[in-house]
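Asker: Our numbering applies: residue 500 is where the sequence shown begins, and numbers increase by one. Here's a structure for you.
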Amino acid sequence: MKKKISEESSISLADIVSRLKADDARALDLLYDRYYFRLYRFCKGLIKLEDEVDDILQNVFLKIWLNRFKITTAETFTAYIFTITKNAVVSFIRAHEKDIKLRMGLQENQILYDFETESKIEYEEMEQKVNSLLEQLPETTKTIYEFSRKQGLSNKEISNKLGVSVKTVEYHITKTLKVFKENLKDFGLISLLLFEIFY
């Protein structure tokens, strides 16, 4: 499976999920375009092996299609697809733990083995910090960010909803992410990786 350069779709995540559950195969392509880059970066942060990452993601999207009727809502879909991806990476590593090349890659990045323990504590602390920072943002910035991340609206949809330009929407989202990252430097690598996923 080749990587694609994603383009923001005018179709909301809720619509895509609804179409997926209605057996629309095109919806899977739309999910691929929307999530591939973030999933790819997430996997590379764990195993750093490009060919294996492509294989893992191919299986992830296949699993999404096969289990499309089990998907509940668009609000939980991002967490759902990243959980599937994380589990796929864990399974791959366990199946290939004796592979020297893979082990060399893991020596540089021990994220996986901490994922289930201290990472949970780190992430919960980081989540509280993120929520606190979000409350301190200007109302417009906060609203745009929540529309984007919590409701899964595209920049174009937010633009139409609020009567502002797409560039304005992009500015506020970028501004929010910058504030978050500048204030989360003390958190561990695992939590920062999870921030990339869910925020």
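Ideal placement from N, C-alpha and C gives every residue a C-beta, glycine not left out. Here the structure is a predicted model, which is why all the values come from computation and not from measurement.
Out of curiosity, what's the CA-to-CA distance linking ARG537 and ILE580?
Answerer: The count along the sequence shown starts at 1 and reaches residue 537 at position 38. The count along the sequence shown starts at 1 and reaches residue 580 at position 81. Their Cα atoms are separated by approximately 11 Å.
Asker: Going straight from the alpha carbon of VAL589 to that of GLN557, what length do you get?
Answerer: Translated into the one-based positions of the sequence shown, residue 589 becomes position 90. Translated into the one-based positions of the sequence shown, residue 557 becomes position 58. Taking the straight line from one Cα to the other gives about 15 Å.
Asker: If you run the structure through DSSP and keep just helix, strand and coil, what is ALA578?
Answerer: To locate residue 578, count along the sequence shown from 1; it is residue 79. Residue state, collapsed to three classes: helix.
Asker: What number of angstroms, rounded off, separates the C-alpha of ALA521 from the C-alpha of LYS569?
Answerer: Numbered from 1 along the sequence shown, position 22 holds the residue referred to as residue 521. Numbered from 1 along the sequence shown, position 70 holds the residue referred to as residue 569. Taking the straight line joining both Cα atoms gives about 12 Å.
Asker: Looking at the structure shown, is ILE570 part of a helix, part of a strand, or coil, going by DSSP?
Answerer: Here the question's residue 570 lines up with position 71 in the sequence shown. ILE570: coil per DSSP, three-state reduction.
Asker: If I follow the unbroken alpha helix (DSSP H) through ASN682, where does it start and stop?
Answerer: Counted from its first residue, the sequence shown places residue 682 at position 183. Note, ASN682: premise wrong, no alpha helix (DSSP H); not H, not E.
Asker: Nearest-angstrom Cα distance between GLN447 and TYR539?
Answerer: With the chain running from 500 to 698 in the structure shown, residue 447 is simply not present.
Asker: Return the first residue and the last residue of the alpha helix (DSSP H) that ALA521 is part of.
Answerer: Here residue 521 refers to the residue found at position 22 when the sequence shown is read from its first residue. Premise fails: ALA521 is in no alpha helix (DSSP H) and is neither H nor E.
Asker: On the criterion of 16 or more Cβ atoms from any shown chain inside 10 Å, does ALA587 qualify as buried, or is it exposed?
Answerer: For the purposes of this step, residue 587 is taken as residue 88 along the sequence shown, with counting starting at 1. ALA587 should be labelled buried.
Asker: Does SER664 come out as helix, strand or coil in the three-state DSSP assignment?
Answerer: Within the sequence shown, numbered from 1, the residue matching residue 664 stands at position 165. SER664 falls in the coil class under three-state DSSP.
Asker: Given ILE515, which residues of its chain have a CB within under 7 Å of its CB, disregarding the five upstream and five downstream residues?
Answerer: Mapped onto the sequence shown, residue 515 falls at position 16. ALA526, LEU529 and LEU530, listed in sequence order.
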